[in-house]
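Q: Just so you know, the UniProt record's numbering puts 30 at position 30 of the sequence shown, and the rest follows in order with no gaps. Quick reminder that beta carbons are idealized off the backbone N, C-alpha and C, glycines included.
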Amino acid sequence: RESIPMQPSGNMDDSGFFSIQVISNALRVWGLELILFNSREYQSLMINPINENAFICNYKEHWFTIRKLGQQWFNLNSLLTGPELISDTYLALFLAQLQQEGYSIFVVQGNLPDCEADQILGIMKVQQQQRPKLIGEAQAQTSLNRVLALSRQDIDVDDEEADLRRAIQLSMQGTIAPL
């Protein structure tokens, strides 16, 4: 019996990054199709992006989804601290910005499987009080806040020491009797 040498897969690299072909085939199982957003085929349809249900975005080895849940759009980028609410007005601008930054954007066409979030947001809208930050920014902000708090403690200690020195000097001036 002859063994077949292992060949590197063109569908996944050493880091676990999947190719668009793998993702496209996985979505076909659900009856979904991917179409390149800026392709002539898609652009000729002149569909307003808000009439779609989802987009898959890729830049180098990072993938994320922009998805309509209920009647609202969300940026589901795992590099953010949480989902980011995107208005209908901002959606087209956001997609254009991603394209300018070099992202490949794919439209997910077909009926997405039901999910609880879609059902809940179909009857109520969410209001986002605070936009999520990039995970690195959030960690940097936390570190910055810690450093600032520590430096303020040092300032407080320095201020207390200076106040104590001044009080001692003033008390010494008051106790020395003139000759």
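Measuring CB atoms only, is the stretch 99-111 touching the stretch 24-35, in the sense that at least three cross pairs come out at less than 8 Å?
A: With contact defined as three or more Cβ pairs closer than 8 Å, the stretch 99-111 and the stretch 24-35 are in contact.
Q: Cβ of K68 within 9 Å of Cβ of E84?
A: no
Q: Whose CA, out of F74, S44, G70, F55, lies closest to the CA of C115?
A: G70
Q: How big is the Cα-Cα spacing for S78 and I120?
A: Cα to Cα, S78 sits roughly 22 Å from I120.
Q: To the nearest angstrom, report how far apart T65 and Q97 are at their CA atoms.
A: 15 Å
Q: What residue range is occupied by the uninterrupted beta strand (DSSP E) comprising Y90?
A: Unbroken run through Y90 is the alpha helix (DSSP H), 88-100; no beta strand (DSSP E).
Q: Compute the distance between the beta-carbons of T81 and I135, then report whether it is under 9 Å.
A: yes
Q: Run through DSSP, which three-state label would N25 get?
A: helix
Q: If you follow the alpha helix (DSSP H) that E41 is part of, which residue opens it and which one closes it?
A: 40-43
Q: In angstroms, rounded to a whole number, what distance separates the CA positions of Q169 and Q130?
A: 51 Å
Q: Which value, in whole angstroms, describes the spacing of the CA atoms of G102 and P132?
A: 22 Å
Q: Please list, in chain order, all residues of the same chain as Q127 whose beta carbon is under 7 Å from its beta carbon, the five residues on each side excluded.
A: none
Q: Let me make sure I understand the geometry here. Which of R146, S24, R165, M124 has the alpha-carbon closest to that of Q72?
A: M124
Q: Can you tell me the Cα-Cα spacing of W63 and A117, whole angstroms?
A: Answer to the nearest angstrom: the Cα atoms are 21 Å apart.
Q: Which residue marks the beginning of the beta strand (DSSP E) containing Q128, and which one marks its end?
A: Run containing Q128: none; DSSP gives neither H nor E here.
Q: Any Cβ of chain C within less than 9 Å of the Cβ of Q130?
A: Chain labels in this structure do not include chain C; a single protein chain is all it has.
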